[in-house]
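Novice: Supplied in structure tokens, the structure appears directly below.
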């Protein structure tokens, strides 16, 4: 009966790296209890909000590609004109854009409640950057779960920064005797980060009032089942012809691209290393593009050294977009040169593939530091690499640095053994009796309890 159904509202950030794990979490919840029903409210991303054809196609396909019968997708309307953009403070625009959807979420949830046969709203699950929606959940007198799509280490870093602000009155933008850099996080603390801290003060202080705040580790959140079409993919067929653990895979995420000078350094390093490789080479956006997404080259040869593609034809393959999860799961892959985005880290750990870290933006430096220095699960290409996604200024990592990193990655048996153990642990945690399996069960019980 409708009254026995617990209706849960999911609100993901409209970027692919946040949306996919959010929907995977929704699938995990509905798979655990038939009494759960989920509506995912999607803010259609404006041009430039890490969008592009990939996420646009993904969002448009959601209503016609339901993971289960109990997960539905609603595209929210958006206000026009959009909030003003400041190129020097991109997150201010993101925050304003998300806030502008609160009234649309209120109406969407009200419409769900009034639908015949609708279940009772039992809670909200909101992205870590959509916490303004907690106020909307409060209007309906239901609890909110904040889904933190980065790693727990980065959450600890953020809470530490907030403590410095709240308890010590310290300016985290200009640290004493420092240029604003923190060990493991070489990017300076920016003014818009301080703005995020200010906006989050109320939420953090509310958390302090809770003697034992609920923390539910539910990762790794990913979809290990690759699409059936992957077996027909040209990339997978090429990997099928390679020896076991012989290929180093290079992929840098949806925003990961380099200028021509850096591309040539990578190419020289790969050729000199002597290792087989699969390289996902993406083109940076042009200056007139508002989107920061990388795109595929029509002809990658225009930025590669002359004759490179012909010389490496027997041992290497240069591609555009890559089916990353399927590639990492392939037995031919023995190493992964990565930007250390959290989803990529989880996929690497799940597949047991050692990493060579080349962090680019966001929390990736912290992720890389944790994987390489603290846990010994990878090697360094350039831990302190810096770039600016908006003016594309960055240092050049030399061919020697890249070559040495690749050789250490592919020749280090100790790291390989550690990753095999992490592979076992990652899979055990989501099985019955594992910590993540138990945490998801707690969430399900809490959501069902409201309608029981």
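Residue numbers (our numbering): 2 to 453.
Quick reminder that beta carbons are idealized off the backbone N, C-alpha and C, glycines included.
Please state the DSSP three-state secondary structure of residue 35.
Specialist: coil
Novice: Using 8 Å as the cut-off, can you tell me whether the region 315-335 makes contact with the region 248-264, which would need three or more C-beta pairs spanning the two stretches below that distance?
Specialist: Short answer: they touch.
Novice: Just tell me which of 319, 387, 327 has its CA closest to the CA of residue 340.
Specialist: Distance from the Cα of residue 340 is smallest, within the candidate group 319, 387, 327, for 387.
Novice: Could you tell me how far apart the beta carbons of residue 440 and residue 219 are, in whole angstroms, since I believe they sit closer than 8 Å?
Specialist: 5 Å
Novice: For residue 87, which residues from the same chain have a beta carbon less than 8 Å from its beta carbon, with the 5 sequence-adjacent residues on both sides left out?
Specialist: 93, 94
Novice: In whole angstroms, what separates the C-alpha of residue 123 from that of residue 324?
Specialist: Distance between the alpha carbons of residue 123 and residue 324 is about 36 Å.
Novice: Mind checking whether residue 145 and residue 138 have CB atoms under 8 Å apart?
Specialist: yes
Novice: Tell me the DSSP bridge mates of residue 395?
Specialist: 388
Novice: So residue 73 is in the beta strand (DSSP E); what residue range does that whole segment cover?
Specialist: 72-77
Novice: For residue 148, does the three-state DSSP call read helix, strand or coil?
Specialist: strand
Novice: Considering only heavy atoms of the ligand PLP, does any lie closer than 7 Å to the CB of residue 375?
Specialist: For the structure depicted, the ligand PLP is absent and the ligand set is empty, with no information on it obtainable.
Novice: Please report the residue range of the beta strand (DSSP E) in which residue 280 lies.
Specialist: 277-281
Novice: Counting pairs of beta carbons, one from the region 346-361 and one from the region 415-428, are three or more of them closer than 8 Å?
Specialist: yes
Novice: Using C-beta distances below 6 Å, list every residue in its chain close to residue 105, excluding the 5 sequence neighbours before and after it, in chain order.
Specialist: 77, 78
Novice: Could you round the C-beta distance between residue 464 and residue 129 to whole angstroms and report it? I think they count as a contact, below 8 Å.
Specialist: The first residue shown for the chain is 2 and the last is 453, placing residue 464 beyond what the model contains.
Novice: Taking the beta carbon of residue 446 as the centre, do at least 16 other beta carbons fall within 10 Å, making it buried, or is it exposed?
Specialist: Its Cβ having fewer than 16 others within 10 Å, residue 446 is exposed.
Novice: For residue 108, which residues does DSSP report across the bridge?
Specialist: The partner list for residue 108 (beta bridge, DSSP) is empty, contrary to what the question assumes.
Novice: Hey, is residue 327's beta-carbon within less than 8 Å of any beta-carbon in chain D?
Specialist: Judged by its chain identifiers, the structure shown contains no chain D, having just a single protein chain.
Novice: Please list the terminal residues of the continuous alpha helix (DSSP H) segment that includes residue 220.
Specialist: No alpha helix (DSSP H) contains residue 220, which DSSP labels as neither H nor E.
Novice: Which of the three DSSP states is assigned to residue 206 in this structure?
Specialist: Residue placement at residue 206 is poorly supported in this model, since its pLDDT is 49, which falls under 50; the coordinates are not used for a value here.
Novice: Report the three-state DSSP secondary structure of residue 430 (helix, strand or coil).
Specialist: helix
Novice: Pull up the DSSP beta-bridge partners for residue 17, would you.
Specialist: In DSSP, residue 17 forms no bridge with anything.
Novice: In the DSSP assignment, find the unbroken beta strand (DSSP E) run with residue 452 in it and report its ends.
Specialist: Counting along the chain, residue 452 falls outside any beta strand (DSSP E), and DSSP gives it neither H nor E.
Novice: Can you tell me the Cα-Cα spacing of residue 116 and residue 16, whole angstroms?
Specialist: 29 Å
Novice: In terms of residue numbering, what span does the alpha helix (DSSP H) encompassing residue 1 cover?
Specialist: Outside the shown range of the chain, which is 2 to 453, sits residue 1, and nothing can be said about it.
Novice: Do you know offhand how far residue 1's Cα is from residue 350's?
Specialist: Summary: the structure shown does not reach residue 1, with the chain confined to residues 2 through 453, and so no result is reported for it.
Novice: Near residue 234, what residues of its chain come up, given a Cβ to Cβ distance below 8 Å and the 5 sequence neighbours on each side ignored?
Specialist: 324, 327
Novice: Quick one: residues in its chain with C-beta nearer than 7 Å to the C-beta of residue 432, no 5 flanking neighbours on either side, listed in chain order?
Specialist: Correct list, in chain order: 438.
Novice: Might you give, ordered along the chain, the residues of its own chain that have their beta carbon closer than 7 Å to the beta carbon of residue 310, omitting 5 neighbours on each side?
Specialist: 302, 319
Novice: Just the C-alpha distance for residue 187 and residue 162, rounded to the nearest angstrom, thanks.
Specialist: In this predicted model, residue 187 has a pLDDT of only 47, less than 50, meaning its place in the structure is not dependable enough to derive any value.
Novice: Starting from the C-beta of residue 142, find all residues in its chain whose C-beta is less than 6 Å away, skip the five residues before and the five after it, and write them out in chain order.
Specialist: Contacts found: none.
Novice: Between 300, 269, 422, which has its C-alpha nearest residue 402's C-alpha?
Specialist: 269
Novice: Grab the span of the alpha helix (DSSP H) containing residue 161 for me, first residue to last.
Specialist: 153-167
Novice: What are the boundary residues of the beta strand (DSSP E) that includes residue 128?
Specialist: 121-128
Novice: Alpha helix (DSSP H) containing residue 326: first to last residue?
Specialist: 325-329
Novice: So, is residue 375 buried or exposed, given that buried needs 16 or more other C-beta atoms within 10 angstroms?
Specialist: exposed
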